[in-house]
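Visitor: Residue numbers (my numbering), protein chains in the order written: chain B, 1 to 325; chain E, 326 to 650; chain A, 651 to 1011; chain L, 1012 to 1372. Where is the CB? At the ideal position from N, CA and C, for every residue including glycine. All figures in this text were calculated on a predicted structure; none of them were measured in a lab.
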Amino acid sequence: MAVLNMVQALNQALAQAMEADPRVMVLGEDVGRAGGVFRVTDGLLERFGEDRVVDTPVAESGIVGAAFGLAVGGMRPVAEIQFMGFSYPAFDQVVSHVSRIRNRSRHRFTAPLVIRIPYGAGIGAAEHHSESSEVIYAHTPGLKVVVPSRPYDAKGLLLSAIADPDPVVFLEPIRSYRAVREEVPEEPYRVPIGRARVAREGTDATLVAWGAMMREALGAAEALQAEGVSVEVVDLRSLVPLDVETVVASVRKTGRAVVVHEAPRTAGFAGELVAIIQERALYALEAPVVRVTGWDTVVPLKRGEHHYLPSVGRVVAGVRRALAG
Amino acid sequence: MAVLNMVQALNQALAQAMEADPRVMVLGEDVGRAGGVFRVTDGLLERFGEDRVVDTPVAESGIVGAAFGLAVGGMRPVAEIQFMGFSYPAFDQVVSHVSRIRNRSRHRFTAPLVIRIPYGAGIGAAEHHSESSEVIYAHTPGLKVVVPSRPYDAKGLLLSAIADPDPVVFLEPIRSYRAVREEVPEEPYRVPIGRARVAREGTDATLVAWGAMMREALGAAEALQAEGVSVEVVDLRSLVPLDVETVVASVRKTGRAVVVHEAPRTAGFAGELVAIIQERALYALEAPVVRVTGWDTVVPLKRGEHHYLPSVGRVVAGVRRALAG
Amino acid sequence: MEGLTGRTAVAQEPQQVLTPDGELVGEPPLDLDDTRRLYRAMVAARLYDRKGSALQRQGRLATYPPFEGQEAAQVGSAVALRADDWMVATYRDAAAMWFHGYPWELLLLQRMGDERGGAPPEGVNVLPPSITVGAHLLHAVGLAWAERLQGRDRIAIAYFGDGATSEGDFHEALNFAGVYRLPVVFLCENNQYAISTPRERQTAAPSIAVRAEGYGFPGVLVDGNDLFAVYRATAEAVARARSGGGPTLVEALTYRIGPHTTADDPRRYRSEAEVEEWRRRDPVERVRRYLERAEAWDPGWQAQVEAEEGAAIEAAVERAEAVPPMEPEELLGAMFASPTPQLLEQARELRAALEEAGERP
Amino acid sequence: MEGLTGRTAVAQEPQQVLTPDGELVGEPPLDLDDTRRLYRAMVAARLYDRKGSALQRQGRLATYPPFEGQEAAQVGSAVALRADDWMVATYRDAAAMWFHGYPWELLLLQRMGDERGGAPPEGVNVLPPSITVGAHLLHAVGLAWAERLQGRDRIAIAYFGDGATSEGDFHEALNFAGVYRLPVVFLCENNQYAISTPRERQTAAPSIAVRAEGYGFPGVLVDGNDLFAVYRATAEAVARARSGGGPTLVEALTYRIGPHTTADDPRRYRSEAEVEEWRRRDPVERVRRYLERAEAWDPGWQAQVEAEEGAAIEAAVERAEAVPPMEPEELLGAMFASPTPQLLEQARELRAALEEAGERP
Ligand SMILES: Cc1ncc(C[n+]2csc(CCOP(=O)(O)OP(=O)(O)O)c2C)c(N)n1
Ligand SMILES: Cc1ncc(C[n+]2csc(CCOP(=O)(O)OP(=O)(O)O)c2C)c(N)n1
Ligand SMILES: [Mg+2]
Ligand SMILES: [Mg+2]
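1) Taking 8 Å as the cut-off, does the CB of R1267 of chain L come closer than this to any heavy atom belonging to ligand 4?
2) Would you kindly work out how many angstroms separate the C-alpha atoms of A855 of chain A and D812 of chain A, rounded to a whole number?
3) In whole angstroms, what separates the C-alpha of Q16 of chain B from that of R1300 of chain L?
4) A1274 of chain L: which of L:D1164, L:G1070, L:Q1027 and L:E1038 sits nearest, CA to CA?
5) Mind checking which residues open and close the alpha helix (DSSP H) that includes A808 of chain A?
6) Considering only the alpha carbon of each residue, which of B:M214, B:D92 and B:L301 lies closest to V258 of chain B?
7) Take the Cβ of R930 of chain A as the centre, count every other Cβ of all protein chains shown within 10 Å, and call the residue buried at 16 or more, exposed below.
8) In terms of residue numbering, what span does the alpha helix (DSSP H) encompassing E222 of chain B cover?
9) Are the segment 195-212 of chain B and the segment 233-249 of chain B touching by the rule of at least three beta carbon pairs closer than 8 Å?
10) In this structure, how does DSSP classify V1221 of chain L when only helix, strand and coil are distinguished?
11) Going straight from the alpha carbon of H750 of chain A to that of R690 of chain A, what length do you get?
12) Just the Cα atoms here: how many angstroms apart are P89 of chain B and L171 of chain B?
13) Closer than 7 Å, Cβ to Cβ, to anything on chain B: give me those residues from the segment 778-803 of chain A, in chain order.
14) Taking Cβ positions, are Q1203 of chain L and R1253 of chain L nearer each other than 9 Å?
15) Of all the CB atoms in chain B, is at least one closer than 9 Å to the CB of T607 of chain A?
16) Tell me the rounded alpha-carbon separation between Y865 of chain A and G1227 of chain L.
17) Should E850 of chain A and V870 of chain A be called a contact, given that it needs their Cβ atoms to be closer than 9 Å?
18) For Y1301 of chain L, name the three-state secondary structure that DSSP assigns.
19) Could you tell me which residues DSSP pairs with A1205 of chain L in its beta bridges?
20) Measure the alpha-carbon distance for A659 of chain A versus T847 of chain A and round it to whole angstroms.
21) Roughly how many whole angstroms lie between the Cα atoms of E272 of chain B and P613 of chain E?
22) Below 9 Å between beta carbons: does that hold for R506 of chain E and V328 of chain E?
23) With distance defined between alpha-carbon atoms, name the residue in A:H821, A:R920 and A:A946 nearest to D683 of chain A.
24) Under DSSP, the beta strand (DSSP E) around R314 of chain B begins and ends at which residues?
25) How big is the Cα-Cα spacing for A977 of chain A and E765 of chain A?
26) Just to confirm the assignment, what range does the alpha helix (DSSP H) spanning G818 of chain A have?
27) From the beta carbon of A530 of chain E, is the nearest beta carbon of chain B less than 9 Å away?
28) Between the Cα of R701 of chain A and those of A:G726, A:A744 and A:P991, spot the shortest distance and give me the residue it belongs to.
29) Please identify the residue among L:V1137, L:L1092 and L:V1090 whose C-alpha is closest to the C-alpha of I426 of chain E.
30) Counting only C-beta atoms, is M75 of chain B closer than 9 Å to chain A at any point?
31) Are there three or more Cβ pairs, one per stretch, closer than 8 Å when the segment 782-792 of chain A is compared with the segment 61-68 of chain B?
32) What is the DSSP secondary structure of A9 of chain B, counted as helix, strand or coil?
33) Could you check the C-alpha separation between H454 of chain E and R628 of chain E for me, to the nearest Å?
34) Could you give the first and the last residue of the continuous beta strand (DSSP E) run that contains W1097 of chain L?
35) Can you tell me which of E:A574, E:G536 and E:S563 puts its alpha carbon nearest to the alpha carbon of P635 of chain E?
36) Answer yes or no: do V955 of chain A and A694 of chain A have a C-beta to C-beta separation smaller than 9 Å?
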């Protein structure tokens, strides 16, 4: 089996989807000739031509609005937004139309499109290049929201997203693009949307994370193992639909939970998880659910970024707090 | 003292702020000649002239982006977005610039502006006219988010918002615009941003709500009183900064909490409240915190709207669930 | 001076074929039979429009956005389409949508507050009316693009008002259409107002049509109350689109005779005299005069048309009002192809709440 | 045909005063002293630009967006401003910003990843560089408006690229400026690419300048590598703005010689031959030749300018690198005038985490 990083796995998924279905197309800023600023669409233009791999003007609302029309009209567009910080100009199209046309037309019209958005901090980038605003999509009814943390899931989830009859916001952790390499089957396969994954089993506490923060979660679990603390780590993979069973089952078992995300704390997605955990498993909880998150600030630039992002140390401290109760 | 509804109280606050400070101005779609579609800016054009009461083109990003420049340049603009469903085209300006210029420039430039947004369901309106997406603003670092539920607070909070050195998203519950009338002092006064209000004291359970949902919360408390259940009702008034103390003190006292909002449940602001309550008062909780919210759907049109909005009955049922544990 | 862009070479006088008095000042692009058919459609549309306002006053519709005065702009352009072309239009475009196959009944049902009005019959390629201003132009762009990519020759038309031209999405849509030379027609019904805001405060541009050059395709300015002029310009634009010639921006100068919606009071922002002046340019009466001159109209036929179309509208109202409300599961059941676990649970919660409240489940 | 908008009456040849060989083809708008001053500024800018790329290669800057080739467009326009005018520009406009008073040191500090680089000295009315494409045009609109409302005669200038003209905010900004006749200059540095996307795939419009008519104000197309042409057009636009004549759109045709940023590989989307052709139109060399012809340039002076400006830039680098990192409280302390309780608590949490990790607090 080939050993791929996430960029390669995503690229393979796109190529296979385009190979299998002539309705699948890719559009966005610099996705063609340049192959995408992260090279996720590298080689697709040469292989599938200008009709199906489209460099667009710099206009995010245009990209998503046109992709919406393409999808309603029978295509299966995969739109790329260059960085999450540039997804906001398209927010109206996503919230007011992409997510709603099925409901508005009672299934008569549908918008099966994928919006790929690189997200997250940790590469010392300029402002607007480090956002993690998944919650604004997760809160929007009618969208599925998916976040792979490793190459295998990236490929399988992207193939599921493209095949999905409904719009999927597909968040790609920039920091994980090339950080991890693993075996990825050559043939197409799907990882189901809406299923979390127990990335590491444990008995003393549950860590819930997704995307780039999985590295810190697993790192913390590893560090705590050395101290004899056994931490279960759940990789959500999908925020919507949320796999409540897997999360709750784990917390029922361990009695303690820590949620990690790099987004700002206030009204971040951790709140949803805490709410659900205590709704379903309050009496199993031996301590408050701990949130280890970014601060309520803009992501600092390079010199201060490490002060913002949850580190292995902060996650370890969070688990200790959960253990102490 | 004059008895005013919320529209009148807001109108009075605007007029007084403009009277007191020549930098205060109003801009938005139909705020001038028409006096606003809800008449909140009625009479201001006649009184303060075209320079300070500006009818704009239909362009929400333009309104907020220009208001941002006006604020940085020394004015105190109060921008109106006609309905919350039309705030999304301006989302990028709000999230990427309005909320951030202070941080980006380390206090060198600031954007003291107010964005007034009528929000919420319950009037049987067309699609996009019933939104309650406060959480996307609450999650955005650098914004204050305020939601009055009654005329007195509306006036005092708006005067605070206009005087605030930072940007304030000012949410006005459409359903409450003319529903309640109460005594409102003629002279200018301020209700501090960041302070909740115990709207009704009680001992058996705490209901947390804001904006239009205060009616259901108070209605439920009243209904339960008849059955001998004593419910404390907290009107948040500000989502950011959140008055954690008032909420937690109440829950510590009652041991049971119900959060009500009309926004969809998933990743709604209730999650934040639940997270904070269990962080601070887990051991005081005698039952899971209950969420009574809108569903994860678009707000239905008139015929189905009553199935969506939390009703007094649903809030009562929520409190009963909290009491049953 | 070299390099300085100046006024366009072409005068900004709107194209006209039929004067307000019903006199021809150009070649009629339609024969008498077709003209009678379109006249009948405009009469029907006006009956519907009046019905809409009446129903609203009786509390049977939520709000209603009248289009009186814009019948020629809508019918004259819609008739230039092929039956399977895409139409993406606004809350004020009931006449165009109906003419293109969207039943009165469903337009009414949606206005009554029932989402099922948003589902036109299979084969009717009309999206539910756009409530947001501006965004839907991009949808027409994408639809036109999808058709071309799938090797079909359907085109797409977007209807929008003068206010919509100020939204960023207007710009992005026209720019995409120009870059990809898409088969799309942008039909601006410039009815002089966006709610209370008059056209001259919407933009300092001499016209909306002139903007087309900034996107690399033609713009046309027409008398929007002139059925023939609207038809001719739209037909040319449709033909250009269908033959691979790319997009066109058509600006139809017209006027909204009624209020913005039934909730609006236009006396706050315009004079009765102005409205009167536009009434004299009425698009329906104009065609009636033309037909009368050509001896293709008489009061008997008028009465028959009104009776038949009125009855059809009455029947549509009855059918729409007879639609029973949705059950909770159906109401919550159209966010996804199959509901998420969260939505299933919420539907159960709603059902339980209704049962608890003693409502019939 | 009447009503059909056609091509503009005016040819789309860019205004030029100085040929690539440094020969005058028009009246020079600046005297030799001023020209030497601006030449010196362009030389300084180029040194800074080279330094930026070099620092990035050494890992001392995050990424760096070179502006080589655009020095005349930036300096030639910035010099047309009054010292207190507002400037709102992009990541690629360091030369314009510096010329208008934003110190090299702070531009570098921000690029090193320190927010304190975003705070120009009091009195320098330049916003920190815009990283988002397009949004900042509206900020210039608002600033210009604020000045007029406060009875001052400052104007605002917005710098942006060809790519930015496709964003909805471009449209909304120009439309607002037209409607309110605001004292603002829109300066488009059309450098032929938006990252990999060439100008002709950005829009089908014959030029960017032509769009001005769609907003009711003048547009000008100039050779952006011609210091004199850029200066003359901008000075006219500034004068128009300051005297109440409203906005102007200036399109400066130029070229980005380097990559989009140091992370970009331009060979993927353009040929070396194309770059070479533009090198021959180099804006700095052009002025050098002109000065040399006028006997106002010699190698000794060149060496002196390079030495002095180079030293100033080196000193700026040193000062920027010497800035100690922010303490947690300061880092988290600029979201509001006074931090919320949540932020105070989070700063304490961060401080505790650092102490626990054994880092010096
Ligand atoms: C994005 C958005 N902003 C604001 C509104 C509120 N609104 C509804 S109709 C309207 C005016 C539209 O004017 P125009 O485009 O000229 O169409 P008309 O109503 O005149 O047909 C406005 C501002 C909206 N529906 N959508
Ligand atoms: C809103 C937004 N979308 C996308 C980007 C990513 N991006 C950065 S620069 C750029 C190209 C801009 O091109 P242009 O306006 O011509 O300026 P240039 O870089 O050529 O100076 C893009 C797409 C961004 N920064 N902001
Ligand atoms: Mg209009
Ligand atoms: Mg460029």
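Guide: Answer, in terms of the structure:
1) yes
2) 12 Å
3) 56 Å
4) L:G1070
5) It is not in any alpha helix (DSSP H) - A808 of chain A instead sits in the beta strand (DSSP E) that spans A806 to G811.
6) B:M214
7) exposed
8) M213 to A226
9) yes
10) Helix at V1221 of chain L.
11) Computed Cα separation, rounded: 15 Å.
12) 17 Å
13) P778, T782, A785, L788, H789, A790, V791, G792, L793, W795, A796, E797, L799 and Q800
14) no
15) A query on residue 607 of chain A cannot be resolved here, the shown segment of chain A reaching from 651 to 1011 and no further.
16) Whole-angstrom Cα-Cα distance: 16 Å.
17) no
18) helix
19) L:T1208
20) Unreliable placement is indicated for A659 of chain A, whose pLDDT of 40 sits below 50; no coordinate value is reported for it.
21) 14 Å
22) yes
23) A:A946
24) That residue, R314 of chain B, is in no beta strand (DSSP E); its alpha helix (DSSP H) goes V312 to A324.
25) The sequence shown places Glu at residue 977 of chain A, rather than the Ala named in the question. Approximately 13 Å between the Cα atoms of the pair.
26) G818 to Y830
27) no
28) One detail in the question is off: residue 701 of chain A reads as Lys in this sequence, not Arg. It is A:A744 whose Cα lies nearest to the Cα of K701 of chain A.
29) L:V1137
30) Chain A contact via Cβ: present.
31) yes
32) helix
33) 15 Å
34) W1097 to V1099
35) E:G536
36) yes
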